[in-house]
Structure formats: structure tokens, C-alpha cells
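Undergrad: Below you'll find the structure I mean.
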Amino acid sequence: MSHVFSRATRDLPTAVSADGAWITDADGTRYLDGAGGAIVVNVGHGVASVIAAIGEQLERTQYIHPTAFTTRAVEAYAEEVAGILPMDDARIYPVSGGSEAVETAVKMARAYHLAQGRGGRSIVIGRRGSYHGNTLGALDASGKAPLRKPYTPWLGRFLHVSAAYEFRCENPQHPHGCGAWQAAELEKMIASYGEDTVAAFIAEPISGATLGAAVPTDDYWPAIAEVCRAHDVVLIADEVMTGFGRTGRWFGMDHWDIRPDILTAGKGTTSGYVPFGFAAASGRVHEAITGGPGFVHGFTWSHNALGAAAGLAVLGELKAGLIDRSRELGARLLEGLRSELADAPGVGDVRGLGLLIGIELVRDRETNEPFRRADKAAERVLQAARESGLLLYSSTGHVDGTNGDLVVLGPPFSLSDDEASLLLDRTVAAVRSFP
Ligand SMILES: Cc1ncc(COP(=O)(O)O)c(C=O)c1O
Numbered sequence: 004m005s006h007v008f009s010r011a012t013r014d015l016p017t018a019v020s021a022d023g024a025w026i027t028d029a030d031g032t033r034y035l036d037g038a039g040g041a042i043v044v045n046v047g048h049g050v051a052s053v054i055a056a057i058g059e060q061l062e063r064t065q066y067i068h069p070t071a072f073t074t075r076a077v078e079a080y081a082e083e084v085a086g087i088l089p090m091d092d093a094r095i096y097p098v099s100g101g102s103e104a105v106e107t108a109v110k111m112a113r114a115y116h117l118a119q120g121r122g123g124r125s126i127v128i129g130r131r132g133s134y135h136g137n138t139l140g141a142l143d144a145s146g147k148a149p150l151r152k153p154y155t156p157w158l159g160r161f162l163h164v165s166a167a168y169e170f171r172c173e174n175p176q177h178p179h180g181c182g183a184w185q186a187a188e189l190e191k192m193i194a195s196y197g198e199d200t201v202a203a204f205i206a207e208p209i210s211g212a213t214l215g216a217a218v219p220t221d222d223y224w225p226a227i228a229e230v231c232r233a234h235d236v237v238l239i240a241d242e243v244m245t246g247f248g249r250t251g252r253w254f255g256m257d258h259w260d261i262r263p264d265i266l267t268a269g270k271g272t273t274s275g276y277v278p279f280g281f282a283a284a285s286g287r288v289h290e291a292i293t294g295g296p297g298f299v300h301g302f303t304w305s306h307n308a309l310g311a312a313a314g315l316a317v318l319g320e321l322k323a324g325l326i327d328r329s330r331e332l333g334a335r336l337l338e339g340l341r342s343e344l345a346d347a348p349g350v351g352d353v354r355g356l357g358l359l360i361g362i363e364l365v366r367d368r369e370t371n372e373p374f375r376r377a378d379k380a381a382e383r384v385l386q387a388a389r390e391s392g393l394l395l396y397s398s399t400g401h402v403d404g405t406n407g408d409l410v411v412l413g414p415p416f417s418l419s420d421d422e423a424s425l426l427l428d429r430t431v432a433a434v435r436s437f438p
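Dropping the structure here:
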């Protein structure tokens, strides 16, 4: 009997090594990591420069408390990443992962308003079908119903508007003016609660796994950013999944030249080598907060030098052509999947940007009716993939809180052309094996 409180409900193989896009278990079985775990491993497994940077930093310092010292690693990382972020004069607050980044971001938004004497501004508006993390604040910002359900008595301070999700768009005029319609919905919600009660709007630039890489229409982000600006509602871009090249640009917001007030990052910051992430505030937001009563916040593991050193090495790898690779390979893979799955009976939509690709499974391609949850469509496709030596990612319940099946791909950008062909073939076979 294992003494681990496992996240899985079945027995798991033991991973013993990883290299490039491959993970090997204790029996010697090799798996193609088609989703970088949970869309984390952007530069690939076993990259020598990242491993060396972590080792070297560990030789220099171990635990350093962030209110007593700064470190060269954190300073160097902040300077480098500030030059890449879609923000003016960014200030980064390093944390241990995505949920902590989101908690930090919503508190920054609150601190920004408090510093200006606007104590009534506390509401955060998120989007239905979104995911921002599993800690209670981040979960309240999230719209994913199955994850919220057990904790409902603890949630409910935050509000939600519809997400930019073209496949099941709620705009009565769809496909015309969807971005403007969604921005009008946000404007209406701000007006109905009063702008002096709303602190922030948070959204993923391109939806992550919970809506299967749903890409907004080009009019969405400019219209949303304008609503936030007009009401001085802090715009938080949650780039935990989309950041660091995942969608073929450095950040998701780069696709629309939007500069958020606060940005969150996790996963790809270190490509999974060390738990790390950050919330970045624009210079304007940082100045307002530090000009007021300050920022009441902190974690024992914040401003961690090991994470920063790993992050800096990952930036070096990404700068050596991997962002372009994500864009080009992603476009090719998307085209290949669309063409190979064009007549697959259980496939409603194939979408995405860069190497974040979602496949929405449906029971009826005419009506887009989802499979019943009991059919376990996503689970069965993932199992078929696994049996062929391919690891994919999935999400369920997005259509009505129970039903809805999404299969998500997000391989390392370092994938070779041959590995990409294998990923395509195995994914198509697994998807076609169901129903
Ligand atoms: C967009 C987004 N935000 C936040 C999180 C939470 O990150 P973590 O699991 O590192 O706490 C995730 C995780 O999937 C995510 O995709």
C-alpha cells in the first residue's frame, strides 16, 4: 500500500526518466508527452542548460527570505522577463505556481484601488468555463462548474460573464459582432453592480484546457480592454497556460497587442523544472500600490531564487527559436488534425493557436449535442492514446456543468518533425477509436 494521497483513482506507473518529448516508466515503456503534462513543459524534458542553472543556483544560495534580501537570480530574471512581457515597466512578484499568482494578482488589484481611497471596489469578474486555480480565491474567479461544486458554500464573492467561445457562442447575432456583444455583457455587469464596486476583470487570453483552446474573435480583446479602461477596472491577463510561447507568441495577449494592468504566469515559466510563477504589475499599478498603504501579502516561498534561475535558463532556450517553432509546428499540427478528423463521427471542432490545440468531442455533429458524462468520451480517448504510448490532456463538464468532452494537445516546442507526425497519427487513431 502506498502512503501517498494520490491525485489519481487508479494505480499509476512510476516515471523514472524523461528526455525531450518522452517519459519512461519503471517497466521501460516510453510515452510521447503530447501535452507537456498539464501544458507545462514548453522547452522539453532533460534540457542541460536548465538543469545546470538550477544546480549552480543551489550551490550559491538556498533559502533566502524575501523581506531580508533580494538575490541576483531574482533581479536578473525580473529584468529579462520585463523586457518580454506585454506591459509597460513591469514589476514581477515571484510565487510558487499559477494559483498563487492569481491570488496575488487579485490582491494587487484590490491594493491598487485601496491606494486611491476606493475601498468599495472588491468584486472580481471572471468568465464562465474559465480556470484560474484551485485555491479558494482563484477558484472563485474560475467558472468551471465541476471544480466549484463541492466548495460552493465557500464561494460566490466573484461574478462571471460568458467566455469567448465561438463553438457554442451565446451571442444571438453569432457569428457577427461576438467580441462587441461580449464586451457589452461585461459593461452591463459593471453598470448593474456599479463601477465603484468592481476591482478587476480576469480572463485567459485564449481559453486553456477548460474550454479546449477556444480562440476569441479578433474584435474581442480590444473591446474588453476598452471597457476595463473606461471604468478603471483592472485588467488581469491570466497567462499561466498561454505564456512563454505556448500559443506561438511570447504571450497570448501579443496576438492582439493588448497590454494588461496585471499578468499572471506559472507552468511555462520554468517549463516545470521547479515550481514557480509570478504576478506582474504594470509600472502604473505598481506605483499606485507602493504610493498608498502598500501591499499586504506574502508567501514563505515567494521571490525564490531557484525558480528564477530556472526561469532565466528557460528564457534562453525559448529565445533560441522555440517560439517560432511553437507557431509553425502548431499551425501544421492544427491543419493536420483538422484534415484527418474532418469526417470523424465524434469530433465537433478542432481549434487552437500555436501548440495549444483542443478537440471538442460531440455525440451529434449536426446539433453539437455533447456525449453523456456516463459515456466517458474524453477518458476513453485518453486511455486509447495512452495504450498507444501517447499522453494527452483532457477536460470535461464544460457544456452544462456535467457533460462536455475536450481533448487537449500541448507538446514541448522542441518536438522534431518525426515526433510531430507520430503525435498526429496517434492522436487521430485515439480520437477515431471512439465512439
Ligand atoms: C489559466 C490558468 N490559471 C491558473 C492555473 C493554476 O495553476 P496551478 O495549477 O499552477 O496552481 C492554471 C492551471 O491549469 C491555468 O491553466
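Position one of the sequence shown corresponds to residue 4 (this note's numbering), numbered consecutively onward. Here a beta-carbon is modelled for each residue, glycine too, at the ideal position from N, C-alpha and C.
Given that a residue counts as buried once 16 or more other Cβ atoms are within 10 Å of its Cβ, and exposed if not, what is Ala92?
TA: Checking the displayed sequence, the identity of residue 92 turns out to be Asp instead of Ala. So Asp92 ends up on the exposed side.
Undergrad: Does Phe170 come out as helix, strand or coil in the three-state DSSP assignment?
TA: Three-state DSSP puts Phe170 in a helix.
Undergrad: Buried or exposed for Asn45, going by 16 or more other Cβ atoms inside 10 Å?
TA: With 16 or more Cβ atoms within 10 Å of its Cβ, Asn45 is classed as buried.
Undergrad: Quick check: is any heavy atom of ligand 1 less than 7 Å from the C-beta of Ala41?
TA: Yes, since a heavy atom of ligand 1 falls inside the 7 Å radius drawn around the Cβ of Ala41.
Undergrad: Could you have a look at Val7 and say whether DSSP puts it in helix, strand or coil?
TA: Correct three-state label for Val7: coil.
Undergrad: Could you tell me the distance, in whole angstroms, from the CA atom of Leu395 to the CA atom of Thr17?
TA: Roughly 17 Å between the two C-alpha positions.
Undergrad: Three or more beta-carbon pairs under 8 Å between the segment 58-69 and the segment 100-115, yes or no?
TA: In short, these stretches do not touch, since the Cβ pair count stays below three.
Undergrad: Just list the alpha helix (DSSP H) runs in the segment 380-422, keeping only unbroken ones of 4 residues or longer that don't cross its boundaries, in chain order.
TA: Whole alpha helix (DSSP H) segments, 4+ residues: 380-390.
Undergrad: Which residue comes first and which comes last in the alpha helix (DSSP H) that contains Glu189?
TA: Position check: residue 189 holds Leu in this sequence, whereas Glu was assumed. Here the alpha helix (DSSP H) through Leu189 covers 181-196.
Undergrad: Could you check the C-alpha separation between Gly349 and Pro438 for me, to the nearest Å?
TA: Approximately 7 Å, taken between the alpha carbons.
Undergrad: Would you call Leu363 buried or exposed, if buried means 16 or more other Cβ atoms sit within 10 Å of its Cβ?
TA: In the sequence under discussion, the amino acid at residue 363 is Glu, which differs from the Leu named in the question. Counting Cβ neighbours within 10 Å, Glu363 comes out buried, since at least 16 surround it.
Undergrad: Out of curiosity, what's the CA-to-CA distance linking Thr267 and Ile205?
TA: Answer to the nearest angstrom: the Cα atoms are 10 Å apart.
Undergrad: Per DSSP, what kind of secondary structure is Ile87 in: helix, strand or coil?
TA: Coil, per DSSP.
Undergrad: Nearest-angstrom Cα distance between Phe8 and Leu15?
TA: One C-alpha to the other measures close to 12 Å.
Undergrad: As a quick check of your reading: which residues have a C-beta less than 5 Å from at least one non-hydrogen atom of ligand 1, in chain order?
TA: The filter returns Gly100, Gly101, Ser102, His135, Gly136, Glu207, Gly211, Asp241, Val243, Met244, Gly269, in chain order.
Undergrad: Going by Cα to Cα distance, which pick from Ser436, Gly129, Ser329, Ala308 is closest to Ala423?
TA: Of the candidates Ser436, Gly129, Ser329, Ala308, the one whose C-alpha sits nearest the C-alpha of Ala423 is Ser329.
Undergrad: With distances taken Cα to Cα, identify the nearest neighbour of Gly197 among Ile227, Asp257, Val127.
TA: The shortest Cα separation from Gly197 among Ile227, Asp257, Val127 belongs to Val127.
Undergrad: What are the boundary residues of the beta strand (DSSP E) that Arg262 is part of?
TA: Where Arg262 is concerned, there is no enclosing beta strand (DSSP E), given that its DSSP letter is neither H nor E.
Undergrad: Please report the straight-line C-alpha distance between Val98 and Leu340, rounded to a whole angstrom.
TA: Computed Cα separation, rounded: 36 Å.
Undergrad: Since Trp224 and Trp259 should fall inside the 8 Å C-beta cutoff, what is the C-beta to C-beta distance between them, to a whole number of angstroms?
TA: Sure, about 4 Å apart at Cβ, within 8 Å.
Undergrad: Here's the rule I'm using: 16 or more other beta-carbon atoms within 10 Å means buried, otherwise exposed. How should Phe72 be labelled?
TA: Exposed, because fewer than 16 other Cβ atoms sit within 10 Å of the Cβ of Phe72.
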